[in-house]
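Undergrad:
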Amino acid sequence: MTTKTLFIGMDGCTFTVLNEMTRDLPGEGVTMPFLAGLMAKGSRANLRSTPNPLTPPAWTSIMTGRGPGQHGVFDFIRAEDKGGEVYWTLYDSRDVDSEMIWSIASRQGKSIAALNFPLTAPPPKDVNGSIVPGFIPAKHLRRNSTPGLFERLKEAIPGFDAKELAWDFDNEKQALEVLNDNDMEQWVRYHLPREEQWFNIAEYILQNDAPDLMAVMFDGTDKIQHQAWQFVDPNLVPAERSEFYNRMRGVCREYFANVDRYIEKLVTMAGPECQVFFASDHGFTATVEVLRINSFLEDLGYLKWAVNDGSEQALRREASDFANLDWSQTTAYCRTPSSNGIHIRQSTKPGEPGIDPKDYIPFRDKLIADLKTLKNDDGEPVIVDVLKREEWFPGQHMERACDLTLVLRDNGFVSIRNIKPAVVKRPNPAGTHHPDGIFMAYGKGIAANGLVDRLDIRDVCPTLLYSLGLPVPSDFEGKAAEPFFTENWLAEHPVKIGRATVGGGEKAKSEDMDDEEKRQIIEQLQMLGYME
């Protein structure tokens, strides 16, 4: 067996940083020399993410070839508005209402390995190969990995540590606090051995199983950039570098140098016949201001905050991660910072809170106009676009989407806190998601075209299937990235459109996380800035 297709995911990776790490910088040299060589011999494109460039919907689009309106994943958290209260649960693979590439390839006789991808737990039952999911607590890894795989890895890999492999919540929650310089450095440094664990698993599976499709995702890119963007963005280099800046820059470069080493080993092991692809779920940029969207909606008269009567329940709700609102007087609100969206509440029967459904369009049009009036202290519009869900999230799950998705001038995530003023400048620029990530290709049949026109995140899955020699399902929204391939390769291997995908998401029963584990995940999301 030989691996036909190697896919390396790099969460949050952006050419803003990658171009710096792959060129010769004064006093630093080339941080990622092997990747620099691949980029020089292959093709690459900016990759436009989902309309809200966020980890769960974006990686799900990469794995399914479809947008959120089709696959049904929009956020980290799925919420239900029951009129008098809003309930929530964390998304998992059972919420994905589209067949993933792991199942599509498996049922056509290909073997796969999928390591550290979100929303792959519980794993599909019909997969021919190995899955170790990402984004879950350590104690759930064994049960949600391919049966028997966990034991194999534990026996074969020296230093295998499930707690280090998954998120060590006790370690990471320290970043919720204000970190001193030493703690900041240690927090970034913590991600180095964790990434090494994922590489060790990938190396073992590639060497021993040689799956047709070998896929591993490194997520330290995203985590480091959220906390340490100022040390990797070439536009934020200070006029005079402090000793701390140089130290932080050094540990960030150490991380990227390690990833370059992993890439070199995996590409070399896969061999010269293999086609290699890299993609990220979104890019990164700097956010310079905070929009307290619910505070602004209160100013406009769309919502009312709940009155705190001093009770334990009221205090708990005020300290919660969701908007603490008087639902009887709220018509439009934002649920989570990560959603960057506004839900419009419609009444389903007389006397119920919300607007009359027949007034939805004029109400929404007025809300859009009101949102666009907001300006910062410099007179610049804070909200530069407002996306209507039927235009941006078409599909059977459109109604799960926010009614309106906001695009801020600096691509930042909103705040949902009850604090004035509605817009405030950040004391220092922070890392946030940019809609353009990366998509790159190298290997046999790949053209040395350099930078080609921007591609869509839904194009990743069909490109990987095409690389495997499989047809692209007729119900995909994305298409194979033909600009990556040589004319001869395309002539000898024409893209074929095949049967539609099979069924929906995985509805298998799985033990749910307990309240403590949910709390830990919420803390992790807070640390990364997706929740408050």
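Each residue of the sequence shown is one higher than the last, beginning at 2 in this note's numbering. We treat Cβ as the ideally placed atom computed from N, Cα and C, and that holds for glycine.
1) For residue 203, collect the residues of the same chain with a Cβ closer than 8 Å to its Cβ; drop the 5 residues on either side in sequence, then sort them by chain order.
2) Could you pull out every residue in the same chain whose Cβ sits closer than 7 Å to the Cβ of residue 3, ignoring the five residues on either side in sequence?
3) Is it buried or exposed, residue 107, if we count other Cβ atoms within 10 angstroms and call 16 or more buried?
4) Unbroken beta strand (DSSP E) runs of length 3 or more, entirely within the stretch 276-309: which are they?
5) How many angstroms separate the CA atom of residue 296 from the CA atom of residue 66?
6) Are residue 281 and residue 14 touching if we call contact CB-CB under 8 Å?
7) Between which two residues does the alpha helix (DSSP H) carrying residue 16 extend?
8) Return helix, strand or coil for residue 387, following the three-state DSSP convention.
9) Does the Cβ of residue 415 have 16 or more other Cβ atoms within 10 Å, making it buried, or fewer, making it exposed?
10) Taking the DSSP output, what are the residues bridged to residue 435?
11) I'd like to know if residue 430 contacts chain D, where contact means its C-beta is closer than 8 Å to some C-beta of that chain.
12) As a quick exercise: from 255, 423 and 432, pick the residue whose alpha carbon is nearest that of residue 378.
13) Mark residue 245 as exposed unless 16 or more other C-beta atoms lie within 10 angstroms of its C-beta, in which case mark it buried.
14) To the nearest angstrom, how far is it from the Cα of residue 20 to the Cα of residue 277?
15) Could you give the distance in angstroms between the alpha-carbon of residue 335 and the alpha-carbon of residue 55?
16) Alpha carbon to alpha carbon, how far is residue 92 from residue 243?
17) For the candidate residues 185, 390 and 208, whose alpha-carbon lies nearest to that of residue 157?
18) Is it right to say residue 312 is buried, meaning 16 or more other beta carbons lie within 10 angstroms of its own, or is it exposed?
19) On a Cα-Cα basis, can you pick out the residue from 37, 5 and 10 that is closest to residue 439?
20) Starting from the N-terminal side, write out each stretch of the beta strand (DSSP E) that is 3 residues or longer and does not extend beyond the stretch 111-149.
21) Three Cβ pairs or more, each shorter than 8 Å: is that satisfied between the stretch 28-45 and the stretch 359-377?
22) Give the secondary structure of residue 408 by DSSP, where H, G and I count as helix, E and B as strand, and everything else as coil.
23) Which of the three DSSP states, helix, strand or coil, is assigned to residue 92?
24) Report yes if the C-beta distance between residue 435 and residue 285 is below 8 Å; otherwise report no.
25) Ends of the alpha helix (DSSP H) at residue 252?
26) Tell me the DSSP secondary structure of residue 13 in three-state form.
27) Apply the 10 Å Cβ neighbour rule to residue 352 and answer buried if 16 or more other Cβ atoms are within range, or exposed otherwise.
28) Could you pull out every residue in the same chain whose Cβ sits closer than 7 Å to the Cβ of residue 357, ignoring the five residues on either side in sequence?
29) Is residue 452 buried or exposed, if buried means 16 or more other CB atoms sit within 10 Å of its CB?
30) Quick one, which of 219, 213, 249 and 240 has its alpha-carbon nearest residue 230's?
31) Give, in chain order, every unbroken run of the beta strand (DSSP E) that is at least 3 residues long and sits entirely within the stretch 412-461.
32) On a CA-only basis, which of 257, 409, 288 and 142 is nearest residue 34? Give me that one, please.
33) Determine, using beta carbons only, whether residue 152 and residue 194 come nearer to each other than 8 Å.
34) Assuming the contact rule is C-beta atoms closer than 8 Å, residue 432 and residue 287 should be a hit. Round their C-beta distance to whole Å, please.
35) Decide if the stretch 64-80 is in contact with the stretch 392-410; the criterion is three or more beta carbon pairs, one per stretch, under 8 Å apart.
36) Give the DSSP-derived three-state secondary structure of residue 158 in the structure shown.
TA: Reading from the atomic positions:
1) 114, 116, 215, 217, 263 and 267
2) 211, 272 and 274
3) The residue is buried, with at least 16 neighbouring Cβ atoms inside 10 Å.
4) 276-280 and 284-292
5) Cα to Cα, residue 296 sits roughly 37 Å from residue 66.
6) Yes, these two residues count as a Cβ contact at 8 Å.
7) 16-22
8) strand
9) buried
10) 284
11) Checking the listed chains, one finds no chain D in this structure; it contains a single protein chain.
12) 423
13) exposed
14) So the alpha carbons of these two residues sit roughly 19 Å apart.
15) Their Cα atoms are separated by approximately 16 Å.
16) 42 Å
17) Between residue 157 and the set 185, 390 and 208, the nearest pair of CA atoms involves 208.
18) exposed
19) 10
20) 113-116 and 130-133
21) no
22) strand
23) coil
24) yes
25) Element bounds for residue 252: 244-271.
26) coil
27) exposed
28) The beta carbon of residue 357 lies closer than 7 Å to those of 348 in the same chain, with the five residues before and after it left out.
29) exposed
30) Distances from the CA of residue 230 to each of 219, 213, 249 and 240 were compared; the closest alpha carbon is that of 249.
31) 424-435 and 437-444
32) 257
33) Result no, Cβ atoms of residue 152 and residue 194 do not sit closer than 8 Å.
34) 7 Å
35) yes
36) coil
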